[in-house]
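For reference, the structure discussed in these notes is given below.
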Ligand code: SF4
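Rendered as structure tokens:
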């Protein structure tokens, strides 16, 4: 998993920083800066909360494509 931030949407509310300060930081009157775009397992729950509670839906998870090698639509 890899975290993505859409800076066209981010308005600097810093909810993400409150939820997962090890992963996100938001400078005063700035936009989110991702400190670890591939978070450790111990931070994943906090990252999920940050994504859920971001008021502008600026955060998302991108799959690296490494998790599911099986072909689609075969069964
Ligand atoms: S909570 Fe969302 S809008 Fe606020 S700083 Fe974080 S990513 Fe940006």
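In the working numbering, the protein residues as written are 645 to 719. Glycine is no exception: its CB is placed at the ideal position from the N, C-alpha and C atoms.
Taking Cβ to Cβ, would you say residue 659 is nearer than 9 Å to residue 669? In the chain shown, residue 659 corresponds to position 15, counting from 1. In the chain shown, residue 669 corresponds to position 25, counting from 1. Not in contact: residue 659 and residue 669 (Cβ atoms no closer than 9 Å).
Determine the DSSP secondary structure at residue 705, reduced to helix, strand or coil. What you label residue 705 is simply residue 61 of the chain shown in a count that begins at 1. Strand at residue 705.
Return helix, strand or coil for residue 712, following the three-state DSSP convention. Numbered from 1 along the chain shown, position 68 holds the residue referred to as residue 712. Low per-residue confidence applies at residue 712: pLDDT is 49, beneath 50, and the placement is therefore not dependable enough to give any value.
Would you check if the distance between the CB atom of residue 708 and the CB atom of residue 646 is smaller than 9 Å? Working through the chain shown from its first residue, we reach residue 708 at position 64. Working through the chain shown from its first residue, we reach residue 646 at position 2. Result yes, Cβ atoms of residue 708 and residue 646 sit closer than 9 Å.
Hey, is residue 699 close to the ligand SF4, as in C-beta under 8 Å from one of its heavy atoms? The residue you call residue 699 lines up with position 55 of the chain shown. Indeed, a heavy atom of the ligand SF4 lies less than 8 Å from the Cβ.
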